[in-house]
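Enquirer: Which chain is which? The protein sequence lines are C and S, in order.
Read in the working numbering, the first sequence has 79 at position 79, and its numbers run on one by one without any break.
Plus 535 on top of the position in the second sequence (first one is 1) and you've got the working numbering.
Heads up, the beta-carbon is just placed ideally off N, CA and C, and yes, glycines get one too.
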Amino acid sequence: MLKTYTYPKFAHRRSAEQAEGRVVRHPVVVIGAGPIGLTAALDLGRRGLATVVLDDNDTVSIGSRAVCYAKRPLEIWNRLGCAAPMVAKGVSWKVGKVFFENDLRYAFDLLPEADHEMPAMINLQQYHLEEMIIAACGTLANVDLRWKHKVIALRQEPDHVVLTVETPDGIFTLEADWVVACDGANSDTRKMVGAEFTGQFFQDRFLIADVVMKADFPTERWFWFDPPFHRNQSTLLHKQSDDVWRIDFQLGWEADPVEEKKPEKVIPRLKAMLGEETEFELEWVSIYQFACRRIDQFRHGRVLFAGDAAHQVSPFGARGANTGVQDIDNLAWKLKAVIEGRAPEALIDSYHEERAFAADDNLRQSTRSTDFITPKSEMSRRFRNAVLELAADHPFARPLVNSGRLSTPTPYVASSLNTPDEDVFAGKMAPGTNCADAPVSVAGRDDWLLHHLGAGFVVMTFGPAPVSSVRRQGIEAQVLSIGEDLVDVKGLVAERYDGRPGTTYLIRPDQYVAARFRAFDADALGRALARACAA
Amino acid sequence: MSLVLEPNIADPDGFYQALIDSQRDMSDAEAQMMNCKLILVLANHIGDGDVLRRALAVAGGRVEPGAAGG
Numbered sequence: 001m002l003k004t005y006t007y008p009k010f011a012h013r014r015s016a017e018q019a020e021g022r023v024v025r026h027p028v029v030v031i032g033a034g035p036i037g038l039t040a041a042l043d044l045g046r047r048g049l050a051t052v053v054l055d056d057n058d059t060v061s062i063g064s065r066a067v068c069y070a071k072r073p074l075e076i077w078n079r080l081g082c083a084a085p086m087v088a089k090g091v092s093w094k095v096g097k098v099f100f101e102n103d104l105r106y107a108f109d110l111l112p113e114a115d116h117e118m119p120a121m122i123n124l125q126q127y128h129l130e131e132m133i134i135a136a137c138g139t140l141a142n143v144d145l146r147w148k149h150k151v152i153a154l155r156q157e158p159d160h161v162v163l164t165v166e167t168p169d170g171i172f173t174l175e176a177d178w179v180v181a182c183d184g185a186n187s188d189t190r191k192m193v194g195a196e197f198t199g200q201f202f203q204d205r206f207l208i209a210d211v212v213m214k215a216d217f218p219t220e221r222w223f224w225f226d227p228p229f230h231r232n233q234s235t236l237l238h239k240q241s242d243d244v245w246r247i248d249f250q251l252g253w254e255a256d257p258v259e260e261k262k263p264e265k266v267i268p269r270l271k272a273m274l275g276e277e278t279e280f281e282l283e284w285v286s287i288y289q290f291a292c293r294r295i296d297q298f299r300h301g302r303v304l305f306a307g308d309a310a311h312q313v314s315p316f317g318a319r320g321a322n323t324g325v326q327d328i329d330n331l332a333w334k335l336k337a338v339i340e341g342r343a344p345e346a347l348i349d350s351y352h353e354e355r356a357f358a359a360d361d362n363l364r365q366s367t368r369s370t371d372f373i374t375p376k377s378e379m380s381r382r383f384r385n386a387v388l389e390l391a392a393d394h395p396f397a398r399p400l401v402n403s404g405r406l407s408t409p410t411p412y413v414a415s416s417l418n419t420p421d422e423d424v425f426a427g428k429m430a431p432g433t434n435c436a437d438a439p440v441s442v443a444g445r446d447d448w449l450l451h452h453l454g455a456g457f458v459v460m461t462f463g464p465a466p467v468s469s470v471r472r473q474g475i476e477a478q479v480l481s482i483g484e485d486l487v488d489v490k491g492l493v494a495e496r497y498d499g500r501p502g503t504t505y506l507i508r509p510d511q512y513v514a515a516r517f518r519a520f521d522a523d524a525l526g527r528a529l530a531r532a533c534a535a
Numbered sequence: 536m537s538l539v540l541e542p543n544i545a546d547p548d549g550f551y552q553a554l555i556d557s558q559r560d561m562s563d564a565e566a567q568m569m570n571c572k573l574i575l576v577l578a579n580h581i582g583d584g585d586v587l588r589r590a591l592a593v594a595g596g597r598v599e600p601g602a603a604g605g
């Protein structure tokens with residue numbers, strides 16, 4: 001299988017510490033080099049923290065697995081300098097169609113707001129994405145990717161973690177001030193710390209097939225409920241790069257996962273769908289059963305969980321990798337501030353507060369989609385089908401159709417790091433919300449607002465800046481003037497942030513709004529800065 | 536707005552006959568499908584989340600906090 005892609009093999013290298021039998025204490029060790037672990041290494045490395053990544057394999061994701069990447073993760077990868085190849089290689093799409101039985105029932109357009117640098121959504125095979133992040137990590141001297149390193153034991157000490165690691169050269173010990181566990185839904189690390197991972201299992205199975213074909217389907221997301229080629233079940237078709245198409249077949253709980261994976265079973269299903277005359281090759285097949293589960297605490301002592309290791313969602317709506325990347329976006333700057341002694345450890349606890357809140361939101365969305373796609377009772381199925389039948393003629397029923405709501409960031413509306421508004425603002429940029437992008441110019445050159453946010457804390461003020469920075473307890477926020485440093489070329493920064501002369505935002509290193517005021521008040525900004533660092 | 540639980544249909548017998556007649560020639564499965572559509576159509580007409588939640592409860596359904604939406 002896999003006709004379009006050759007897997008890289010990353011060389012296992014014996015580390016000096018293993019060769020010399022020294023026990024070295026590292027500031028951060030990331031377990032797992034999937035998209036989330038690699039993003040963690042890249043973000044931590046770029047923020048100046050030496051990071052070791054341990055992965056038990058020596059290549060990228062086998063099969064394409066995650067497919068859809070939404071705007072917010074792309075913005076994060078753009079901040080980390082690796083989004084351009086993803087967007088160039090990925091397939092950008094915005095139209096989705098929903099079919100019921102023989103007919104198209106309705107079509108939606110993601111209608112992305114214009115004037116953002118990143119597209120609403122791209123589809124890209126996970127192995128391509130991982131290779132791009134690995135290449136970006138390769139430009140950093142402080143990121144140490146160690147392949148064929150399997151963590152076999154973990155012991156927590158009050159201020160560090162002791163890891164026992166097995167490599168082709170034997171077993172050795174290393175220590176970490178902090179561990180970021182990104183080892184997936186079946187995380188061994190989670191078991192080693194004894195964390196609970198609970199939720200709902202769905203009694204259903206899905207066949208995922210990646211096929212290579214020259215097909216004239218448009219670049220759209222097509223979802224069928226109960227199609228003639230696959231009765232009583234759902235099917236999803238999605239385009240990836242290199243003429244690879246993702247097809248999901250719902251199989252039901254009775255399906256035999258071993259039997260259904262065999263090409264002689266898969267190929268007739270595909271022919272029924274694509275037509276006898278369509279030429280295709282099967283690239284990768286997998287059967288999965290899904291669950292909606294969350295870890296009890298994202299922080300267990302000095303071990304921090306991210307991605308599927310912390311939360312598992314159904315695939316409808318592309319919430320898995322997309323939310324995992326946002327976990328890292330939330331965590332990396334906090335780890336940096338705490339490791340460098342500029343913020344208290346309580347800042348790390350806000351990682352659980354904010355990301356568990358987001359995970360619960362994702363789980364709720366994902367469970368709702370699943371209830372629509374796989375009704376649990378005959379009556380639920382009737383309601384579902386009634387919605388689909390009504391949707392063709394009646395606009396009111398269309399918002400009820402749920403074939404997966406596409407992932408958008410969850411604002412941290414009630415976060416303890418936010419400074420509540422004291423003034424009235426229009427628009428969406430309330431404290432706890434990720435910053436909207438907008439076109440700007442710098443010295444006459446076109447640029448984007450988000451390029452200027454994210455290195456550290458930023459005070460963004462509309463109009464002249466009275467000072468160049470605000471400091472509080474070792475944390476410094478650079479002041480960015482809309483008008484002097486950046487020109488609001490289309491007026492969209494002012495529009496999206498309800499910016500009037502004097503309006504001032506405090507923006508976190510993960511590009512989230514921490515506080516906003518109608519006037520530049522250095523004392524209030526200092527207090528908001530302390531609060532945003534849990535100080 | 537609150538859920539109207541006092542008589543509100545001008546011609547109760549006429550409405551009841553229209554409801555029964557509307558399903559007279561249907562199988563049970565067809566009638567159940569029509570009932571589902573009718574609930575959805577009326578729910579959309581009402582729109583108000585609190586009224587819908589209250590109606591679910593009056594009908595004997597389990598209502599969780601925040602259910603039914605707005």
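Could you spell out where the beta strand (DSSP E) holding E378 (chain C) opens and where it closes?
Expert: The residue given as residue 378 (chain C) occupies position 378 in the first sequence. Premise fails: E378 (chain C) lies in the alpha helix (DSSP H), 378 to 393, not in any beta strand (DSSP E).
Enquirer: Taking all protein chains shown into account, decide if G605 (chain S) is buried (16 or more other Cβ within 10 angstroms of its Cβ) or exposed.
Expert: As a position in the second sequence, residue 605 (chain S) is number 70, starting the count at 1. Since pLDDT at G605 (chain S) reaches only 42, below the 50 mark, its modelled position is unreliable, and the value read off the structure follows with that caveat. Flag for G605 (chain S) reads exposed.
Enquirer: Short of 6 Å in beta carbon distance, which residues of its chain neighbour A255 (chain C), apart from the five on each side in sequence? Order them along the chain.
Expert: For the purposes of this step, residue 255 (chain C) is taken as the residue at position 255 of the first sequence. Result list for A255 (chain C): R205, in chain order.
Enquirer: In whole angstroms, what separates the C-alpha of A553 (chain S) from that of L573 (chain S)?
Expert: On the second sequence, position 18 is the one that residue 553 (chain S) refers to. On the second sequence, position 38 is the one that residue 573 (chain S) refers to. C-alpha separation (whole angstroms): 13 Å.
Enquirer: Note down, in chain order, each residue of its chain lying with its Cβ closer than 8 Å to the Cβ of R246 (chain C), except the 5 sequence neighbours on either side.
Expert: Within the first sequence, residue 246 (chain C) is the residue found at index 246, counting from 1. Excluding positions up to five away in sequence, the list reads S64, V67, N123, I208, A209, D210, L236, L237, H238, K239, Q240.
Enquirer: I believe S187 (chain C) touches G317 (chain C) by the beta-carbon criterion, under 8 Å. Please report the beta-carbon distance rounded to the nearest angstrom.
Expert: For the purposes of this step, residue 187 (chain C) is taken as the residue at position 187 of the first sequence. For the purposes of this step, residue 317 (chain C) is taken as the residue at position 317 of the first sequence. Contact doesn't hold; Cβ gap of about 22 Å is too wide.
Enquirer: Determine the chain S residues that contact F383 (chain C) at a beta-carbon separation under 7 Å, and present them in chain order.
Expert: As a position in the first sequence, residue 383 (chain C) is number 383, starting the count at 1. Chain S residues near F383 (chain C): C571.
Enquirer: In the segment 439 to 506 of chain C, which residue ranges form an unbroken beta strand (DSSP E) of at least 3 residues, counting only runs that do not cross its ends?
Expert: Fully enclosed beta strand (DSSP E) runs of 3 or longer: 439 to 442, 445 to 448, 457 to 462, 469 to 472, 475 to 482.
Enquirer: Between the segment 569 to 595 of chain S and chain C, which residues of the former have a C-beta closer than 7 Å to a C-beta of the latter?
Expert: The residues in question are C571, K572, L575, N579.
Enquirer: Which chain C residues sit within Cβ distance under 7 Å of Q567 (chain S)?
Expert: Translated into positions along the second sequence, residue 567 (chain S) becomes position 32. Here the neighbours are R382.
Enquirer: Please list the partners that F100 (chain C) has in chain S, where partner means a Cβ-to-Cβ separation under 8 Å.
Expert: On the first sequence, residue 100 (chain C) is found 100 positions in, with the first residue counted as 1. Those do not exist, as F100 (chain C) stays about 13 Å from chain S at its closest Cβ, beyond 8 Å.
Enquirer: Comparing C-alpha positions only, which one of C:F197, C:K214, C:P501, C:H149 sits nearest to R14 (chain C)?
Expert: In the first sequence, the residue the question calls residue 14 (chain C) occupies position 14. Checking every option, the nearest Cα to that of R14 (chain C) belongs to C:H149.
Enquirer: Enumerate, from N- to C-terminal direction, the unbroken beta strand (DSSP E) stretches of 3 or more residues contained entirely within the segment 197 to 255 of chain C.
Expert: Counting whole runs of 3 or more residues, the segment 197 to 255 of chain C contains the beta strand (DSSP E) stretches 197 to 201, 206 to 213, 221 to 225, 234 to 239, 244 to 250.
Enquirer: Return the residue from the list C:M213, C:Q312, C:H451 that minimises the CA-CA distance to V442 (chain C).
Expert: Walking along the first sequence from the start, residue 442 (chain C) turns up at place 442. Measuring from the Cα of V442 (chain C), the nearest candidate turns out to be C:H451.
Enquirer: Which bits of chain S does A397 (chain C) rub up against, with CB to CB less than 7 Å?
Expert: Taking the first sequence and counting its residues from 1, the one referred to as residue 397 (chain C) is at position 397. By Cβ distance, chain S contributes L575.
Enquirer: Taking three-plus beta-carbon pairs below 8 Å as touching, is the segment 359 to 375 of chain C in contact with the segment 546 to 566 of chain S?
Expert: No: fewer than three Cβ pairs fall under 8 Å.
Enquirer: Does DSSP put H116 (chain C) in a helix, in a strand, or in coil?
Expert: Translated into the one-based positions of the first sequence, residue 116 (chain C) becomes position 116. Coil at H116 (chain C), not helix or strand.
Enquirer: Mapping DSSP to helix, strand and coil, what is W284 (chain C)?
Expert: Stepping through the first sequence from its first residue, residue 284 (chain C) is reached at position 284. The answer is strand: DSSP assigns W284 (chain C) an E or B state.
Enquirer: Report the start-end ranges of each beta strand (DSSP E) in the segment 20 to 101 of chain C that is 3 residues or longer and not cut off at the edges.
Expert: Complete beta strand (DSSP E) runs here, min 3: 25 to 31, 51 to 54, 68 to 70, 95 to 100.
Enquirer: Would you call the segment 93 to 112 of chain C in contact with the segment 392 to 402 of chain C, where contact means no fewer than 3 C-beta pairs closer than 8 Å?
Expert: Yes, since at least three Cβ pairs between the segment 93 to 112 of chain C and the segment 392 to 402 of chain C fall closer than 8 Å, the two stretches touch.
Enquirer: List the residues of chain S whose Cβ lies closer than 7 Å to the Cβ of A386 (chain C), in chain order.
Expert: Translated into positions along the first sequence, residue 386 (chain C) becomes position 386. Those are M568, C571, K572, L575, listed as they occur along chain S.
Enquirer: Give me the DSSP bridge partner(s) of V424 (chain C).
Expert: Your numbering for residue 424 (chain C) matches position 424 in the first sequence. Answer by DSSP bridge pairing: none, since V424 (chain C) is not bridged.
Enquirer: Along the segment 359 to 373 of chain C, where does the CB come closer than 9 Å to a CB of chain S? Name the residues.
Expert: Residues: none.
Enquirer: Could you name the residues of chain S that D390 (chain C) contacts, counting a contact when the two beta carbons are closer than 8 Å?
Expert: Locating residue 390 (chain C) in the first sequence gives position 390, where the first residue counts as 1. Going by the sequence as given, residue 390 (chain C) is Leu instead of Asp. Residues of chain S passing the Cβ test: K572, L575, V576.
Enquirer: Just to confirm before moving on: does the CB-CB distance between A306 (chain C) and F298 (chain C) stay below 9 Å?
Expert: Residue 306 (chain C) sits at position 306 when you count from the first residue of the first sequence. Residue 298 (chain C) sits at position 298 when you count from the first residue of the first sequence. Yes. Within cutoff.
Enquirer: With three or more C-beta pairs closer than 8 Å as the rule, is the segment 511 to 518 of chain C touching the segment 412 to 428 of chain C?
Expert: Enough Cβ pairs lie closer than 8 Å, so yes.
Enquirer: I need the straight-line Cα distance from A532 (chain C) to G474 (chain C), nearest angstrom please.
Expert: For the purposes of this step, residue 532 (chain C) is taken as residue 532 along the first sequence, with counting starting at 1. For the purposes of this step, residue 474 (chain C) is taken as residue 474 along the first sequence, with counting starting at 1. So the two alpha carbons sit approximately 13 Å from each other.
Enquirer: Tell me the residue span of the beta strand (DSSP E) that contains C571 (chain S).
Expert: Residue 571 (chain S) sits at position 36 when you count from the first residue of the second sequence. Unbroken run through C571 (chain S) is the alpha helix (DSSP H), 563 to 581; no beta strand (DSSP E).
Enquirer: Beta-carbon separation of Y512 (chain C) and M460 (chain C) under 9 Å?
Expert: Position 512 of the first sequence, counting from 1, holds the residue named residue 512 (chain C). Position 460 of the first sequence, counting from 1, holds the residue named residue 460 (chain C). No, the Cβ-Cβ distance between Y512 (chain C) and M460 (chain C) is not below 9 Å.
Enquirer: For A136 (chain C), which option in C:W77, C:P395, C:P8, C:K3 has the closest C-alpha, if you only look at C-alpha atoms?
Expert: Taking the first residue of the first sequence as 1, we reach residue 136 (chain C) at position 136. Among C:W77, C:P395, C:P8, C:K3, the Cα nearest to that of A136 (chain C) belongs to C:W77.
Enquirer: Kindly identify the DSSP beta-bridge partner or partners of E166 (chain C).
Expert: Reading the first sequence from its first residue, position 166 is the one you call residue 166 (chain C). In the DSSP output, where bridge partners are listed per residue, E166 (chain C) has C:K150, C:I171.
Enquirer: Taking just the CA atoms, how far does R384 (chain C) sit from M536 (chain S)?
Expert: Position 1 of the second sequence, counting from 1, holds the residue named residue 536 (chain S). Position 384 of the first sequence, counting from 1, holds the residue named residue 384 (chain C). Approximately 28 Å between the Cα atoms of the pair.
Enquirer: So, for G432 (chain C): in the same chain, excluding its five sequence neighbours on each side, which residues have a beta-carbon less than 6 Å away from its beta-carbon?
Expert: On the first sequence, position 432 is the one that residue 432 (chain C) refers to. Correct list, in chain order: P411, Y412, V413, S415, N418.
Enquirer: Would you check if there are 3 or more beta carbon pairs closer than 8 Å linking the segment 276 to 286 of chain C to the segment 167 to 175 of chain C?
Expert: Too few Cβ pairs lie closer than 8 Å, so no.
Enquirer: N322 (chain C) lies in the beta strand (DSSP E); which residues open and close that run?
Expert: Taking the first residue of the first sequence as 1, we reach residue 322 (chain C) at position 322. Note, N322 (chain C): premise wrong, no beta strand (DSSP E); alpha helix (DSSP H) at 320 to 339.
Enquirer: Give the secondary structure of I267 (chain C) by DSSP, where H, G and I count as helix, E and B as strand, and everything else as coil.
Expert: For the purposes of this step, residue 267 (chain C) is taken as residue 267 along the first sequence, with counting starting at 1. Residue state, collapsed to three classes: helix.
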